[in-house]
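Visitor:
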Amino acid sequence: MQERHNSTDGRHRLSAVADRLSAGIANRFAIDTRALAVFRIALGLLLLTDLALRSRDLEAFYTDAGVLPRAALFSDYSNVYSLHAISGELWAIALLFVVAAVFAAAVTIGYRTRLATVCSWLLLLSLHARNPMVLNGGDTFLRILLFWAMFLPLGERWAVDARRTDEPRATVSNVATMALLLQVTAMYVVNAIHKSRGEMWFNGEAVVYVFSLDYKFTFLLGDVLAKYPELLRMMTYLWTGLLLSSPLLLLLTGRPRAVLATAFAGMHLGMLVTMRIGIFPLVVVTALVPFYPPVVWDGLGVLATRAGLARPLRAAMSRLRVSLPEGPTISGLPTAVPAPQRLLTAGAAHGRTLFSTVIPWLFLVLVILSNAQAVGYTQVPEPGEDALEATETDQNWQMFAPEPLGTDGWFIAPAELENGSEIDALHRSDVSWDPPSSHEDVYPTSRWRKYLANVWGGDNKNHESYLANHLCERWNGTHETDIEQVDLYYMAQPSEPYNETEPVDSTKLQEYRCDGEFIQD
Numbered sequence: 103m104q105e106r107h108n109s110t111d112g113r114h115r116l117s118a119v120a121d122r123l124s125a126g127i128a129n130r131f132a133i134d135t136r137a138l139a140v141f142r143i144a145l146g147l148l149l150l151t152d153l154a155l156r157s158r159d160l161e162a163f164y165t166d167a168g169v170l171p172r173a174a175l176f177s178d179y180s181n182v183y184s185l186h187a188i189s190g191e192l193w194a195i196a197l198l199f200v201v202a203a204v205f206a207a208a209v210t211i212g213y214r215t216r217l218a219t220v221c222s223w224l225l226l227l228s229l230h231a232r233n234p235m236v237l238n239g240g241d242t243f244l245r246i247l248l249f250w251a252m253f254l255p256l257g258e259r260w261a262v263d264a265r266r267t268d269e270p271r272a273t274v275s276n277v278a279t280m281a282l283l284l285q286v287t288a289m290y291v292v293n294a295i296h297k298s299r300g301e302m303w304f305n306g307e308a309v310v311y312v313f314s315l316d317y318k319f320t321f322l323l324g325d326v327l328a329k330y331p332e333l334l335r336m337m338t339y340l341w342t343g344l345l346l347s348s349p350l351l352l353l354l355t356g357r358p359r360a361v362l363a364t365a366f367a368g369m370h371l372g373m374l375v376t377m378r379i380g381i382f383p384l385v386v387v388t389a390l391v392p393f394y395p396p397v398v399w400d401g402l403g404v405l406a407t408r409a410g411l412a413r414p415l416r417a418a419m420s421r422l423r424v425s426l427p428e429g430p431t432i433s434g435l436p437t438a439v440p441a442p443q444r445l446l447t448a449g450a451a452h453g454r455t456l457f458s459t460v461i462p463w464l465f466l467v468l469v470i471l472s473n474a475q476a477v478g479y480t481q482v483p484e485p486g487e488d489a490l491e492a493t494e495t496d497q498n499w500q501m502f503a504p505e506p507l508g509t510d511g512w513f514i515a516p517a518e519l520e521n522g523s524e525i526d527a528l529h530r531s532d533v534s535w536d537p538p539s540s541h542e543d544v545y546p547t548s549r550w551r552k553y554l555a556n557v558w559g560g561d562n563k564n565h566e567s568y569l570a571n572h573l574c575e576r577w578n579g580t581h582e583t584d585i586e587q588v589d590l591y592y593m594a595q596p597s598e599p600y601n602e603t604e605p606v607d608s609t610k611l612q613e614y615r616c617d618g619e620f621i622q623d
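Residues in the sequence shown are numbered consecutively from 103, following our numbering.
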């Protein structure tokens, strides 16, 4: 009897430990539904911002009159699946941008949220496939966040769709929330591992060298901070320490997790006002929102009520819900329905299980393997590689790793006109071989910076011809005196933050006749 009693006690203790462990895991992967609502709103606004910023270079980067005509795209890139490549006309691309903006607005207000999120993700995949030369880490991360967003209940709070929910849940803990939180943490961990394979992030010099890249990255407050290397060394150690502590984003809960998430968000907002890296800082800040626990949202709710903001916001949402039609839902079908409808309902239920559970679990495993492969720890099986590539969820977070870039630089495109005069066809100004006076004179937007960096550092030399051809057509289509020949030069300047003067090395990339073949050596 005593042995049986001891055995029962042992099973109870084991069960209690398992229950506590399960509760602890569920607690760490739970996301407040208010956090999911803010995450959704931020995602929608990011999509709108991204479209607005890209629209400045719509013709240059996404039409046949730009730097990558569809003939070149299909020739150089295999398996291109892009709606944006159906037509090379400006009006068609502009129309797709408008359609994407409509879906992004629907995501923002939470109207037909899942459908809008899926369509936004597909359109973003299409846009990225149209011109891979302008993509950066922010694009990759935004695309991946949208992928995981498809499986999350983003319309449960502060959304037009919330009218379908009697009482929203306080928190959600499932495979999709686990995947989102693990994804963000994996980005930091993989980047930390890459950085650990260099020296500068551990001797304090990395940020000093990053801020010496005057033409490629630093702007606004970055130009000021570049004058204080001791402060930048402190920032190097602080950022490296944060990256190494990133697993705590998962292990901590409550206020400690909120403090750590705020530290990361603060660093990224600092990048926003010091470095020209596009919307990457805003994308990561958005990804950190789900880490904020209920205690934060409770406090913000109290502040919003005291400030008199809660009532107007609720009234605005009510007006939106009234003004927009509510679509039919399969779950809303009556119980006593004919057999075909019952089959439809059952099929929809199985489909929801596949979509909300099976697919997220599959891709969670694949994404973990992809990140492990990025640092050389394992290999993704070939079928898994195919799935990751098809959904553009394969990843490798090497931002400024293992070392920052060691060379700054800019392009010059001296072009000979029919009348014998010379202009810089890239900057549409007089040719100057002196270092530019400001970074605005070098790269008009972060997209142009990324594109030209890929032209200089990429393996496909055809892009030099594509760029030169675009410069010819852009000038000749708007001026009476045509360009006959354009040359491309890259002016490389070593990053030496402790030297006042740095040598400049010019490399001639292309000598292009405007009336010659499309691709020239």
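All residues carry an ideal CB built from backbone N, CA and C; glycine is no exception.
Please read these numbers as outputs of a predicted model, since none were measured by experiment.
Should LEU402 go down as buried or exposed, given a rule of 16 or more other Cβ atoms within 10 Å for buried?
Guide: Position 300 of the sequence shown, counted from the start, is the residue given in the question as residue 402. LEU402 is exposed by the Cβ-count criterion.
Visitor: Which runs of the alpha helix (DSSP H) fall wholly inside the region 264 to 332 and span at least 4 residues, in chain order?
Guide: List check, alpha helix (DSSP H) in window: 277 to 298, 302 to 305, 308 to 312 and 323 to 327.
Visitor: Measuring straight from C-alpha to C-alpha, what distance separates LEU248 and ARG214?
Guide: For the purposes of this step, residue 248 is taken as residue 146 along the sequence shown, with counting starting at 1. For the purposes of this step, residue 214 is taken as residue 112 along the sequence shown, with counting starting at 1. Spanning the two alpha carbons is a distance of roughly 15 Å.
Visitor: Between the beta-carbon of ALA167 and the beta-carbon of GLU575, is there less than 8 Å?
Guide: Within the sequence shown, residue 167 is the residue found at index 65, counting from 1. Within the sequence shown, residue 575 is the residue found at index 473, counting from 1. Yes, the pair counts as a contact, with Cβ atoms nearer than the cut-off.
Visitor: Would you mind stating whether VAL386 and SER348 have Cβ atoms separated by less than 8 Å?
Guide: Numbered from 1 along the sequence shown, position 284 holds the residue referred to as residue 386. Numbered from 1 along the sequence shown, position 246 holds the residue referred to as residue 348. Not a contact, by the Cβ cut-off of 8 Å.
Visitor: Is the beta carbon of THR326 less than 8 Å from the beta carbon of ILE133?
Guide: Counting from 1 along the sequence shown, the entry for residue 326 is found at position 224. Counting from 1 along the sequence shown, the entry for residue 133 is found at position 31. This sequence places Val at residue 326; Thr is not what is there. For VAL326 and ILE133, no; Cβs fall outside 8 Å.
Visitor: Report all residues from its chain with a CB closer than 7 Å to the CB of GLU520; omit the five preceding and five following residues, and keep chain order.
Guide: One-based indexing of the sequence shown puts residue 520 at position 418. Answer for GLU520: THR583, ASP584 and GLU586, listed in chain order.
Visitor: Hey, quick one: how far does the alpha helix (DSSP H) through SER567 stretch, first residue to last?
Guide: In the sequence shown, the residue the question calls residue 567 occupies position 465. From DSSP, the alpha helix (DSSP H) with SER567 extends over 564 to 578.
Visitor: Just checking my contact of ARG549 with ARG156 at CB under 8 Å: how many whole Å lie between their CB atoms?
Guide: As a working note, residue 549 is residue 447 in the sequence shown. As a working note, residue 156 is residue 54 in the sequence shown. 7 Å between Cβ atoms; contact.
Visitor: What residue does the alpha helix (DSSP H) around SER425 start on, and which one ends it?
Guide: Position 323 of the sequence shown, counted from the first residue, corresponds to residue 425. Where SER425 is concerned, the enclosing alpha helix (DSSP H) stretches over 412 to 425.
Visitor: On the three-pair Cβ rule with 8 Å, is the region 493 to 502 touching the region 467 to 484?
Guide: Yes: at least three Cβ pairs fall under 8 Å.
Visitor: Would you mind giving the Cβ-Cβ distance between SER228 and SER184, rounded to the nearest angstrom? I have them listed as a contact below 8 Å.
Guide: Working through the sequence shown from its first residue, we reach residue 228 at position 126. Working through the sequence shown from its first residue, we reach residue 184 at position 82. SER228 to SER184, Cβ: 5 Å. Contact.
Visitor: Cutting at 6 Å between CB atoms, please list the residues of its own chain near PRO414, excluding the five before and the five after it.
Guide: Here residue 414 is taken as the residue at index 312 of the sequence shown, counted from 1. Excluding positions up to five away in sequence, the list is empty.
Visitor: How is THR437 classed by DSSP in three states: helix, strand or coil?
Guide: Taking the first residue of the sequence shown as 1, we reach residue 437 at position 335. No answer about THR437 holds up, because its pLDDT of 42 lies below 50 and its placement is not dependable.
Visitor: Between PHE205 and PRO596, what straight-line distance do the alpha-carbon atoms span, to the nearest angstrom?
Guide: Numbered from 1 along the sequence shown, position 103 holds the residue referred to as residue 205. Numbered from 1 along the sequence shown, position 494 holds the residue referred to as residue 596. In a straight line, the C-alpha of PHE205 is about 44 Å away from that of PRO596.
Visitor: Taking Cβ positions, are ALA196 and ALA208 nearer each other than 8 Å?
Guide: As a working mapping, residue 196 is identified with position 94 in the sequence shown. As a working mapping, residue 208 is identified with position 106 in the sequence shown. No; because the gap between Cβ atoms is not below 8 Å, this pair is not in contact.
Visitor: Say whether the region 371 to 391 touches the region 309 to 322, bearing in mind that this needs 3 or more beta-carbon pairs closer than 8 Å, one atom from each stretch.
Guide: Short answer: they touch.
Visitor: Rounded to whole angstroms, what's the CA-CA distance from GLU487 to ALA294? Just pull it up for me.
Guide: Counting from one through the sequence shown, the residue named residue 487 turns up at place 385. Counting from one through the sequence shown, the residue named residue 294 turns up at place 192. Approximately 24 Å between the Cα atoms of the pair.
Visitor: Sorted by chain position, which residues of the same chain lie with C-beta nearer than 6 Å to LEU323's C-beta, five sequence neighbours on each side aside?
Guide: Against the sequence shown, residue 323 aligns to sequence position 221. Closer than 6 Å at Cβ, skipping near neighbours: VAL375 and THR376.
Visitor: Find out if the Cβ-Cβ distance for the pair LEU340, GLU258 is shorter than 8 Å.
Guide: Indexing the sequence shown from 1 puts residue 340 at position 238. Indexing the sequence shown from 1 puts residue 258 at position 156. Their beta carbons are not under 8 Å apart, which means LEU340 does not touch GLU258 by this criterion.
Visitor: Sorted by chain position, which residues of the same chain lie with C-beta nearer than 7 Å to VAL182's C-beta, five sequence neighbours on each side aside?
Guide: On the sequence shown, residue 182 is found 80 positions in, with the first residue counted as 1. If we look at VAL182 and ignore the five residues flanking it on each side, its Cβ neighbours are LEU175, PHE176 and ALA231.
Visitor: Is the region 527 to 540 touching the region 328 to 343, taking contact as three or more C-beta pairs under 8 Å?
Guide: Short answer: they don't touch.
Visitor: Taking just the CA atoms, how far does HIS581 sit from PRO331?
Guide: Mapped onto the sequence shown, residue 331 falls at position 229. Mapped onto the sequence shown, residue 581 falls at position 479. Their Cα atoms are separated by approximately 47 Å.
Visitor: DSSP has PRO516 in a bridge; who is on the other side?
Guide: By 1-based counting over the sequence shown, the position of residue 516 is 414. Answer by DSSP bridge pairing, in chain order: ASP526.
Visitor: Grab the span of the alpha helix (DSSP H) containing GLU484 for me, first residue to last.
Guide: Along the sequence shown, read from residue 1 onward, the residue named residue 484 stands at position 382. Here the alpha helix (DSSP H) through GLU484 covers 484 to 493.
Visitor: Where VAL409 and ALA367 are concerned, what is the direct C-alpha to C-alpha distance, given to the nearest angstrom?
Guide: For the purposes of this step, residue 409 is identified with residue 307 of the sequence shown, where counting begins at 1. For the purposes of this step, residue 367 is identified with residue 265 of the sequence shown, where counting begins at 1. The amino acid occupying residue 409 in the given sequence is Ala; Val does not appear at that position. Distance between the alpha carbons of ALA409 and ALA367 is about 24 Å.
Visitor: Express the C-alpha separation of PHE393 and GLU619 in angstroms, rounding to a whole number.
Guide: Walking along the sequence shown from the start, residue 619 turns up at place 517. Walking along the sequence shown from the start, residue 393 turns up at place 291. Near 55 Å, if we compare the C-alpha coordinates of PHE393 and GLU619.
Visitor: Measuring CA to CA, which of VAL469, THR165 and ASP121 is closest to SER189?
Guide: Position 87 of the sequence shown holds residue 189. When each option's Cα is compared against that of SER189, the closest is THR165.
Visitor: Hey, ALA288 and LEU254 are a contact pair by Cβ (cut 8 Å); roughly how many whole angstroms apart?
Guide: For the purposes of this step, residue 288 is identified with residue 186 of the sequence shown, where counting begins at 1. For the purposes of this step, residue 254 is identified with residue 152 of the sequence shown, where counting begins at 1. No, ALA288 and LEU254 are not in contact; Cβ-Cβ is about 17 Å, not under 8 Å.
Visitor: Please confirm if the region 553 to 571 is in contact with the region 603 to 623, defined as three or more CB-CB distances below 8 Å between the two stretches.
Guide: The region 553 to 571, when compared against the region 603 to 623, does touch it at the 8 Å Cβ threshold.
Visitor: What's the call for THR210, buried or exposed, on a 16-neighbour Cβ count within 10 Å?
Guide: Locating residue 210 in the sequence shown gives position 108, counting from the first residue. That one is buried.
Visitor: Indicate the three-state DSSP secondary structure (helix, strand or coil) for ALA167 in the structure shown.
Guide: For the purposes of this step, residue 167 is identified with residue 65 of the sequence shown, where counting begins at 1. In this structure, ALA167 counts as coil in the three-state DSSP scheme.
Visitor: Tell whether a beta-carbon distance below 8 Å holds between LEU390 and VAL286.
Guide: The residue you call residue 390 lines up with position 288 of the sequence shown. The residue you call residue 286 lines up with position 184 of the sequence shown. Result yes, Cβ atoms of LEU390 and VAL286 sit closer than 8 Å.
Visitor: So, at 6 Å on beta carbons, what are the nonlocal neighbours of ARG615 in its own chain, with the 5 sequence-adjacent residues on each side left out?
Guide: Residue 615 sits at position 513 when you count from the first residue of the sequence shown. Excluding sequence neighbours, ARG615 sits near GLN587.
Visitor: Strictly by DSSP, which residues pair up with MET377?
Guide: Translated into the one-based positions of the sequence shown, residue 377 becomes position 275. In DSSP, MET377 forms a bridge with THR320.
Visitor: Within a Cβ cutoff of 7 Å, which residues of the same chain sit near ALA128, ignoring the five residues on either side of it in sequence?
Guide: If you number the sequence shown from 1, residue 128 lands on position 26. Cβ neighbours of ALA128 beyond the five flanking positions: SER275.
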